[in-house]
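Undergrad: I'd like to ask you about the structure that follows.
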Amino acid sequence: MTSVSGHTPNAAMIGTGHSNPSSTLDADEVARFAAMADEWWDPHGKFRPLHDLNPVRLTFIRDSLCAHFGLDSSAPRSFEGLTIADIGCGGGLLCEPMFRLGARVTGLDPASESIEAARIHAQAQGLDITYRADLAETLIEEGALFDAVFAMEVVEHVPDVPEFAKVAASLVRPGGLMLLSTINRTVKSYALAIVGAEFVMRWLPIGTHRWDRFVTPEELASACQEAGLVESGRKGMVFNPLAGSWNLSRDTDVNYLMAAGRPG
Numbered sequence: 007m008t009s010v011s012g013h014t015p016n017a018a019m020i021g022t023g024h025s026n027p028s029s030t031l032d033a034d035e036v037a038r039f040a041a042m043a044d045e046w047w048d049p050h051g052k053f054r055p056l057h058d059l060n061p062v063r064l065t066f067i068r069d070s071l072c073a074h075f076g077l078d079s080s081a082p083r084s085f086e087g088l089t090i091a092d093i094g095c096g097g098g099l100l101c102e103p104m105f106r107l108g109a110r111v112t113g114l115d116p117a118s119e120s121i122e123a124a125r126i127h128a129q130a131q132g133l134d135i136t137y138r139a140d141l142a143e144t145l146i147e148e149g150a151l152f153d154a155v156f157a158m159e160v161v162e163h164v165p166d167v168p169e170f171a172k173v174a175a176s177l178v179r180p181g182g183l184m185l186l187s188t189i190n191r192t193v194k195s196y197a198l199a200i201v202g203a204e205f206v207m208r209w210l211p212i213g214t215h216r217w218d219r220f221v222t223p224e225e226l227a228s229a230c231q232e233a234g235l236v237e238s239g240r241k242g243m244v245f246n247p248l249a250g251s252w253n254l255s256r257d258t259d260v261n262y263l264m265a266a267g268r269p270g
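At position 193 of the sequence shown (counting the first as 1) the number is 199 in our numbering, and the numbers step up by one without a gap.
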């Protein structure tokens with residue numbers, strides 16, 4: 007078991023009403039991910055752990071969205087007609103499979119370098135994904151609402167989780183769903199996500215994580231509740247070193263995912 011974190015923090019947030027940038031946007035974190043933007047689609051590069059994790063994240067996303075909206079998970083285009091926003095989309099590792107499953111996808115990231123990498127890769131695949139080097143606050147001011155909003159591997163990089171949750175949740179339409187993934191703040195997560203993943207295995211660049219910014223499931227659920235959402239699902243993600251694969255689990259001690267819906 008270990009931890010990965012790959013989306014650029016924090017695409018949400020500046021401007022009027024919801025938050026100020028110092029509480030929801032860490033410029034140093036954005037710059038660090040921007041500097042690695044040319045490696046987003048290299049499965050053997052700095053984002054290899056995220057590529058390895060993606061199938062498990064996609065399973066949770068598929069199951070959560072299909073259950074919430076009553077969709078057929080076996081259909082080739084299960085998400086036909088859904089609108090999805092991926093906050094902190096990075097190079098588009100989640101945006102592309104969402105588009106292929108039929109959704110209309112908006113990828114949002116404050117790092118223009120990451121957005122450019124995402125656009126180039128999507129265009130090469132003939133995928134009509136909307137990518138914006140912008141903040142979620144801009145979409146809120148435009149009145150945008152989505153069926154589903156993702157904040158995957160972003161939460162552990164923001165200074166103020168409740169403020170981030172409020173801004174991200176503002177993009178979820180009534181009856182919609184927000185999906186999040188992050189890292190629990192436990193002794194085990196310090197040992198595996200920082201010491202193991204960064205210093206021993208060198209799966210992630212040193213400094214990728216700060217343990218004090220890890221978020222317990224209870225804290226994340228509370229932040230979602232304060233933002234007007236109700237938790238509807240929670241799963242852990244565990245790494246099997248013998249098989250070299252990730253799996254969904256009830257163990258949320260390190261990596262975990264959460265679904266939270268807006269009533270309506």
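Built from N, CA and C at the ideal position, the CB exists for glycine as well.
Since we're looking at a predicted model, the values are computed, not measured.
Between the C-alpha atoms of A123 and Y137, what's the straight-line distance to the nearest angstrom?
TA: 10 Å
Undergrad: My guess is that L64 and S84 are in contact by the Cβ rule of under 8 Å, so how many angstroms apart are they, rounded?
TA: Not really, about 11 Å apart at Cβ, beyond 8 Å.
Undergrad: Which residue marks the beginning of the alpha helix (DSSP H) containing F105, and which one marks its end?
TA: Run containing F105: 101 to 106, per the alpha helix (DSSP H) assignment.
Undergrad: According to DSSP, is V206 helix, strand or coil?
TA: No answer about V206 holds up, because its pLDDT of 43 lies below 50 and its placement is not dependable.
Undergrad: What three-state label does DSSP hand L59 in the structure shown?
TA: Of the three classes helix, strand and coil, the one that applies to L59 here is helix, per DSSP.
Undergrad: How is the beta strand (DSSP E) around R83 delimited, first residue to last?
TA: Segment: none, R83 is in no beta strand (DSSP E) and carries neither H nor E.
Undergrad: Which residues does DSSP list as the beta-bridge partners of L254?
TA: The partner list for L254 (beta bridge, DSSP) reads M243.
Undergrad: According to DSSP, E45 sits in a beta bridge with which residue or residues?
TA: For E45, which the question treats as bridged, DSSP gives no partner whatsoever.
Undergrad: Of the residues L254, G98, D259, which one's Cα is nearest the Cα of S288?
TA: The requested residue 288 does not occur in the structure, where the chain is confined to residues 7 to 270.
Undergrad: Among the residues of its own chain, which have a CB less than 8 Å from the CB of V167, if the five just before and after it don't count?
TA: V161, V221, E225, L226, A229
Undergrad: Rounded to a whole number of angstroms, what is the C-alpha to C-alpha distance between V178 and L151?
TA: When rounded, the distance between both Cα atoms is 6 Å.
Undergrad: Express the C-alpha separation of L235 and F43 in angstroms, rounding to a whole number.
TA: This sequence places Ala at residue 43; Phe is not what is there. So the two alpha carbons sit approximately 32 Å from each other.
Undergrad: Excluding sequence positions up to five away, which residues of its chain have a Cβ less than 6 Å from the Cβ of P49?
TA: H57
Undergrad: Please go through the same chain and pick out, in chain order, the residues whose beta-carbon is closer than 6 Å to the beta-carbon of T112, but skip the five residues on each side of it.
TA: A91, T136, listed in sequence order.
Undergrad: Taking DSSP as the reference, what is the three-state secondary structure of I121?
TA: helix
Undergrad: Take S238 as the anchor and find which of W47, W46, H74 has the nearest alpha-carbon.
TA: H74
Undergrad: Given I93, which residues of its chain have a CB within under 7 Å of its CB, disregarding the five upstream and five downstream residues?
TA: Within the same chain, A17, A18, L114, A142, V155, F156, A157, V160, A174 come within 7 Å of I93 by CB-CB distance, once the 5 residues on both sides are set aside.
Undergrad: Beta-carbon within less than 7 Å of S118's beta-carbon, same chain only, minus the 5 sequence neighbours each way: which residues are those?
TA: Contacts found: A139.
Undergrad: In terms of DSSP beta bridges, what is F152 paired with?
TA: DSSP output for F152 lists V178 as bridge partner(s).
Undergrad: Considering just the uninterrupted stretch of the alpha helix (DSSP H) at L145, what are its terminal residues?
TA: Where L145 is concerned, the enclosing alpha helix (DSSP H) starts and stops at 142 to 147.
Undergrad: Could you give the distance in angstroms between the alpha-carbon of H163 and the alpha-carbon of F170?
TA: 10 Å
Undergrad: Helix, strand or coil: how does DSSP classify T222 here?
TA: coil
Undergrad: Helix, strand or coil for S272? Go by DSSP, reduced to three states.
TA: As shown, the chain starts at 7 and ends at 270. That puts residue 272 outside it, with no answer to give.
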